[in-house]
Each structure stands twice: as C-alpha cells, then as structure tokens.
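There are 2 protein chains.
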Amino acid sequence: SPLKEVLFFPTALTCVEHFFKPDTTFASPCPCPLPHGLETSLTGLLRHLLSASVSLDLCIFAFSSQDLSRAVLLLQSRGVAVRVVTDKDYMRISGSQIGTLRNAGICVRHEMGSVYMHHKFAVIDGRRLITGSLNWTLAAIQSNKENILVTEEPDLVLPFTREFQLLWDSNDPA
Amino acid sequence: SPLKEVLFFPTALTCVEHFFKPDTTFASPCPCPLPHGLETSLTGLLRHLLSASVSLDLCIFAFSSQDLSRAVLLLQSRGVAVRVVTDKDYMRISGSQIGTLRNAGICVRHEMGSVYMHHKFAVIDGRRLITGSLNWTLAAIQSNKENILVTEEPDLVLPFTREFQLLWDSNDPA
Ligand SMILES: [Zn+2]
Ligand SMILES: [Zn+2]
Numbered sequence: 029s030p031l032k033e034v035l036f037f038p039t040a041l042t043c044v045e046h047f048f049k050p051d052t053t054f055a056s057p058c059p060c061p062l063p064h065g066l067e068t069s070l071t072g073l074l075r076h077l078l079s080a081s082v083s084l085d086l087c088i089f090a091f092s093s094q095d096l097s098r099a100v101l102l103l104q105s106r107g108v109a110v111r112v113v114t115d116k117d118y119m120r121i122s123g124s125q126i127g128t129l130r131n132a133g134i135c136v137r138h139e140m141g142s143v144y145m146h147h148k149f150a151v152i153d154g155r156r157l158i159t160g161s162l163n164w165t166l167a168a169i170q171s172n173k174e175n176i177l178v179t180e181e182p183d184l185v186l187p188f189t190r191e192f193q194l195l196w197d198s199n200d201p202a
Numbered sequence: 029s030p031l032k033e034v035l036f037f038p039t040a041l042t043c044v045e046h047f048f049k050p051d052t053t054f055a056s057p058c059p060c061p062l063p064h065g066l067e068t069s070l071t072g073l074l075r076h077l078l079s080a081s082v083s084l085d086l087c088i089f090a091f092s093s094q095d096l097s098r099a100v101l102l103l104q105s106r107g108v109a110v111r112v113v114t115d116k117d118y119m120r121i122s123g124s125q126i127g128t129l130r131n132a133g134i135c136v137r138h139e140m141g142s143v144y145m146h147h148k149f150a151v152i153d154g155r156r157l158i159t160g161s162l163n164w165t166l167a168a169i170q171s172n173k174e175n176i177l178v179t180e181e182p183d184l185v186l187p188f189t190r191e192f193q194l195l196w197d198s199n200d201p202a
C-alpha cells in the first residue's frame with residue numbers, strides 16, 4: 029500500500045552533513061561536534077526531500093532553515109525542477125532563505141493578495157506529499173510541537189498538486 | 029478504503045446555523061443575510077467535527093472561530109468527551125474561545141514549556157484525523173491560503189492519537 033508516515037517535532041540537533049557530502053563519509057569522518065548517525069524527524073524530512081528526481085513543488089509560509097535550504101539547492105543542482113510559492117511578508121523574516129533560492133536561479137512566487145499564504149506542503153516528483161504544521165524554520169524544527177505527514181496516497185496527493193498549480197498560476201507576476 | 033479527503037481555504041462565508049439548530053430548519057427558514065444551503069470547506073470541517081459520538085481530542089495552536097467553538101460546545105452538550113491542548117500564549121489572543129470552552133466545563137491543557145504548541149489537529153472518536161495548516165480562526169477560514177486533510181487511515185491516525193496522549197500527559201498541571 030502507498031507510503032504513509034508521520035513525523036513529529038521538535039527533534040534533537042544531529043549532524044546532517046552526510047546528506048550533502050555523501051561521497052566523503054568514509055574518506056574523512058565529519059569533525060563537527062554534533063551527534064552522528066542518528067535518525068530524527070529532520071533526517072526523515074531530508075531523506076524524503078532528497079528523493080526528488082524530477083520535480084519539487086514547495087508551498088511554504090516561512091522558510092529560514094539552512095539545512096532545508098541546502099537540500100533544495102542540492103536538488104536544483106541535480107537538475108530537479110524546483111518551484112516555490114511563499115508568503116510575501118514572511119519571505120522577509122530574519123534569516124529567510126528565499127533570497128538565497130532566488131539567487132541560485134530557483135523560481136519563487138509569492139502570494140500577491142493581502143492574505144497569508146499559510147500552507148506548509150511539498151509535492152515531490154508529483155507523487156509524494158509532505159504536509160503539516162511545520163514551517164521550515166529552525167524554531168519549528170528544534171523547539172516547537174509540530175507534525176508532518178508524508179504520503180503517496182493519490183487521493184491525498186492530487187488535491188495538493190492541483191492547489192499548487194492554482195497558486196502558481198494565480199501569483200504569476202508577469 | 030478508508031476516508032481520505034482534502035479541504036482548502038479560504039472559503040466563502042455562508043450560513044452554518046443548520047448545524048446548530050437542525051430541528052428548526054423547516055419550521056422557520058433562517059433569516060440571516062448569508063447564503064444558505066451551500067457546501068464549503070467550513071461546512072465540511074463542521075460535518076466531520078460533529079460526526080463525533082464518543083470523543084474529540086483537539087490540539088490547536090490558535091482557536092478564535094465562533095463557529096468551531098459552537099461545534100465543540102455542542103459536542104460537549106451531547107456527552108462527547110472533549111479534551112483540548114493549546115498554546116499558552118495564543119490561548120490569550122483576541123477573541124480566543126479557550127475561556128469559553130473552559131467555562132463550559134471542557135478540559136483544556138496548555139503547553140507548559142517555553143515553546144510553541146503549533147499543531148492544528150483533531151482526532152474524532154479515536155479514528156478520524158483532521159490535520160493541516162489551518163488554525164481555528166476567522167482569518168484562517170475566510171482569508172488565508174490553508175489546507176486540512178481528513179483521513180481514517182490507521183497508519184496516519186494512530187501516530188496522532190499517541191502524540192495527543194503524550195502532550196496531554198506531559199502538560200498535566202496537577
Ligand atoms: Zn558532523
Ligand atoms: Zn442563516
């Protein structure tokens with residue numbers, strides 16, 4: 029049966045360097061002071077994200093997590109088609125990664141109305157949905173009580189792919 | 029296969045009086061100026077909520093919607109066991125319904141740590157999950173871009189029932 033998984037936050041802070049430098053794992057053990065080799069809700073989220081091989085459609089209210097930003101940039105560098113819809117006020121929060129993504133050539137659109145674009149979901153390769161309460165911020169990951177749900181149930185994924193396309197089209201700045 | 033449904037917000041404002049006074053629908057048509065007889069994401073949410081016959085476990089960051097408060101109070105009056113976990117800062121927002129629920133005898137606990145209790149989920153009768161980005165506020169319902177996902181998939185519901193119990197137990201003021 030299709031993937032169905034729930035991850036809760038906050039999570040302990042552990043090293044996630046192996047996601048970004050997989051080839052050097054054996055050559056030179058990571059010197060950072062964080063715990064290594066542990067599975068957390070953040071490593072679970074990163075693993076789902078980095079499973080993308082074709083596309084990532086991300087609809088996120090607040091995005092300031094450097095780990096998650098690195099993952100999105102890595103996907104972009106691998107040729108994955110990345111599209112981001114975000115909130116026009118929260119894209120300017122302290123440490124926002126939206127500028128970094130744009131500087132890397134990623135297409136970002138923001139809600140153009142006067143309302144909050146409060147979604148926090150991602151669709152990977154058009155078939156894996158990540159959705160929940162979690163904004164992509166360090167406070168959300170490491171401090172708050174949060175959840176994400178990950179599924180490939182078509183009845184749950186398809187409405188979100190349609191919603192993403194609606195938001196993408198309706199916030200075209202051109 | 030188990031219930032799987034996604035509802036998006038914002039939604040148009042329509043009359044929801046029939047949920048609260050079902051018996052008088054035919055005797056005296058509602059005189060309010062809102063559109064009547066329409067299905068919206070809010071009526072969908074109210075219908076799921078009011079399907080509760082045994083228990084409602086609600087874990088909600090911000091709760092100021094009068095319509096949703098009336099629904100919770102109606103469940104309480106029907107003998108449904110209602111438990112609420114909320115955020116200690118946001119329980120004091122303008123128009124918060126938490127005081128109203130407590131005054132009606134509903135058990136409310138709030139996050140006792142210094143972090144945000146940012147979940148927005150409900151479990152109905154231990155088997156139907158409502159979760160998503162939607163806080164139970166008028167702005168979320170009528171203005172923001174929001175989602176809720178409703179499912180009876182056990183693999184998705186059970187983690188949330190466990191999370192609720194963990195939060196309930198860990199925030200016992202006694
Ligand atoms: Zn390390
Ligand atoms: Zn009416």
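Residue numbers (this note's numbering), protein chains in the order written: chain A, 29 to 202; chain B, 29 to 202.
We treat Cβ as the ideally placed atom computed from N, Cα and C, and that holds for glycine.
**Request:** Kindly list, in the order they appear in chain A, the residues whose Cβ is closer than 8 angstroms to that of M145/B.
**Result:** If you number the second sequence from 1, residue 145/B lands on position 117. Within chain A, the residues near M145/B are N172, K173.
**Item:** For T39/A, the nearest candidate out of W164/B, L162/B, P201/B, V143/B (CA to CA)
**Value:** Here residue 39/A refers to the residue found at position 11 when the first sequence is read from its first residue. Minimum Cα distance to T39/A is reached at V143/B.
**Request:** Could you say if the stretch 135 to 151 of chain A and the stretch 172 to 192 of chain A meet the contact criterion of at least three C-beta pairs nearer than 8 angstroms?
**Result:** yes
**Request:** Specify the secondary structure class of H76/B as computed by DSSP and reduced to three states.
**Result:** Position 48 of the second sequence, counted from the first residue, corresponds to residue 76/B. Three-state result, H76/B: helix.
**Request:** Check the DSSP bridge columns for K116/B and list the partner residues they point to.
**Result:** As a working note, residue 116/B is residue 88 in the second sequence. According to DSSP, K116/B bridges with nothing at all.
**Message:** Residues of chain A with CB closer than 8 angstroms to the CB of T165/B, please, in chain order.
**Reply:** Position 137 of the second sequence, counted from the first residue, corresponds to residue 165/B. By Cβ distance, chain A contributes nothing, its closest Cβ being about 10 angstroms from T165/B, past 8 angstroms.
**Request:** Could you round the C-beta distance between V100/A and V136/A to whole angstroms and report it? I think they count as a contact, below 8 angstroms.
**Result:** Counting from 1 along the first sequence, the entry for residue 100/A is found at position 72. Counting from 1 along the first sequence, the entry for residue 136/A is found at position 108. That belief does not hold up - the Cβ atoms of V100/A and V136/A are roughly 10 angstroms apart, past 8 angstroms.
**Message:** Just to confirm before moving on: does the CB-CB distance between D195/A and C87/A stay below 8 angstroms?
**Reply:** Along the first sequence, read from residue 1 onward, the residue named residue 195/A stands at position 167. Along the first sequence, read from residue 1 onward, the residue named residue 87/A stands at position 59. The sequence given here has Leu at residue 195/A, not Asp. Going by C-beta atoms, L195/A is nearer than 8 angstroms to C87/A.
**Message:** By the three-class DSSP mapping on this structure, what secondary structure does E45/A have?
**Reply:** Here residue 45/A refers to the residue found at position 17 of the first sequence. Three-state DSSP puts E45/A in a helix.
**Item:** Pair within 8 angstroms by beta-carbon distance, E33/B and V178/B
**Value:** Within the second sequence, the letter at position 5 stands for residue 33/B. Within the second sequence, the letter at position 150 stands for residue 178/B. Their beta carbons are under 8 angstroms apart, which means E33/B touches V178/B by this criterion.
**Prompt:** Where does G160/A fall in DSSP's three states?
**Reply:** Looking up residue 160/A in the first sequence gives position 132. Strand.
**Item:** Given K16/A as reference, the closest of G127/A, S69/A, V44/A once Cα atoms are compared
**Value:** In the structure as shown, chain A begins at 29 and stops at 202. Residue 16/A is therefore absent and cannot be evaluated.
**Message:** At a cut-off of 7 angstroms, would you count L177/B as near ligand 1, judging by its Cβ distance to the nearest heavy atom?
**Reply:** As a working note, residue 177/B is residue 149 in the second sequence. Flag unset: Cβ of L177/B not near ligand 1.
**Item:** Test item, CB below 5 angstroms from any non-hydrogen atom of ligand 1
**Value:** C43/A, E45/A, C58/A, C60/A
**Request:** Tell me whether Q125/B is buried or exposed, calling it buried when 16 or more other Cβ atoms sit within 10 Å of its Cβ.
**Result:** Here residue 125/B refers to the residue found at position 97 of the second sequence. Label assigned to Q125/B: buried.
**Request:** Determine the extent of the alpha helix (DSSP H) in which N131/B is found, giving its start and end residues.
**Result:** Residue 131/B sits at position 103 when you count from the first residue of the second sequence. Taken as a continuous stretch (DSSP letters only), the alpha helix (DSSP H) holding N131/B covers 126 to 131.
**Prompt:** Thinking C-beta only, is F192/B closer than 8 angstroms to M145/B?
**Reply:** What you label residue 145/B is simply residue 117 of the second sequence in a count that begins at 1. What you label residue 192/B is simply residue 164 of the second sequence in a count that begins at 1. Against a cut-off of 8 angstroms, the Cβ pair of F192/B and M145/B comes out as no contact.
**Message:** Assuming the contact rule is C-beta atoms closer than 8 angstroms, L62/B and A80/B should be a hit. Round their C-beta distance to whole Å, please.
**Reply:** In the second sequence, counting from the first residue as 1, residue 62/B sits at position 34. In the second sequence, counting from the first residue as 1, residue 80/B sits at position 52. The pair is not a contact, with the Cβ atoms about 25 angstroms apart (cut-off 8 angstroms).
**Request:** Would you please state the rounded distance, in angstroms, between the beta carbons of N175/B and L157/B? I believe it to be under 8 angstroms.
**Result:** Your numbering for residue 175/B matches position 147 in the second sequence. Your numbering for residue 157/B matches position 129 in the second sequence. Their Cβ separation, rounded to whole angstroms, is 14 angstroms, which puts N175/B and L157/B out of contact at 8 angstroms.
**Prompt:** Among all the DSSP beta bridges, which residues are the ones paired with N175/A?
**Reply:** Mapped onto the first sequence, residue 175/A falls at position 147. Per DSSP, F36/A.
**Prompt:** If we cut at 8 angstroms on Cβ distances, does P38/A have a partner in chain B?
**Reply:** Here residue 38/A refers to the residue found at position 10 of the first sequence. Closer than 8 angstroms to some Cβ of chain B, the Cβ of P38/A qualifies, so yes.
**Asked** Which residues, taken in chain order from the stretch 133 to 144 of chain A, show a beta carbon closer than 7 angstroms to some beta carbon of chain B?
**Response** E139, V143, Y144
**Item:** Amino acids of chain A, ordered along the chain, whose beta-carbon sits closer than 9 angstroms to that of F192/B
**Value:** Locating residue 192/B in the second sequence gives position 164, where the first residue counts as 1. Ordered by position in chain A, no residue passes the 9 angstroms Cβ test against F192/B, which lies about 11 angstroms from the chain.
**Message:** Using C-beta distances below 7 angstroms, list every residue in its chain close to A132/A, excluding the 5 sequence neighbours before and after it, in chain order.
**Reply:** Translated into the one-based positions of the first sequence, residue 132/A becomes position 104. Contacts found: L101, Q104.
**Counted within 10 angstroms of its Cβ, other Cβ atoms place P85/A as buried (16 or more) or exposed** = Working through the first sequence from its first residue, we reach residue 85/A at position 57. It should be pointed out that residue 85/A corresponds to Asp in this sequence rather than to Pro. Burial is judged here by how many other beta carbons sit within 10 angstroms of a residue's own beta carbon; D85/A has at least 16 and is buried.
**beta strand (DSSP E) segment containing R137/B, residue limits** = As a working mapping, residue 137/B is identified with position 109 in the second sequence. Taken as a continuous stretch (DSSP letters only), the beta strand (DSSP E) holding R137/B covers 135 to 138.
**Asked** Between which two residues does the beta strand (DSSP E) carrying L86/A extend?
**Response** Locating residue 86/A in the first sequence gives position 58, counting from the first residue. For L86/A, the enclosing beta strand (DSSP E) stretches over residues 83 to 88.
**Asked** If you measure from the beta carbon of V151/A to each beta carbon in chain B, is any gap under 8 angstroms?
**Response** Here residue 151/A corresponds to residue number 123 of the first sequence, with the count starting at 1. Output row for V151/A: interface = no.
**Prompt:** Mapping DSSP to helix, strand and coil, what is R111/A?
**Reply:** Residue 111/A sits at position 83 when you count from the first residue of the first sequence. DSSP places R111/A in strand when its eight states are reduced to three.
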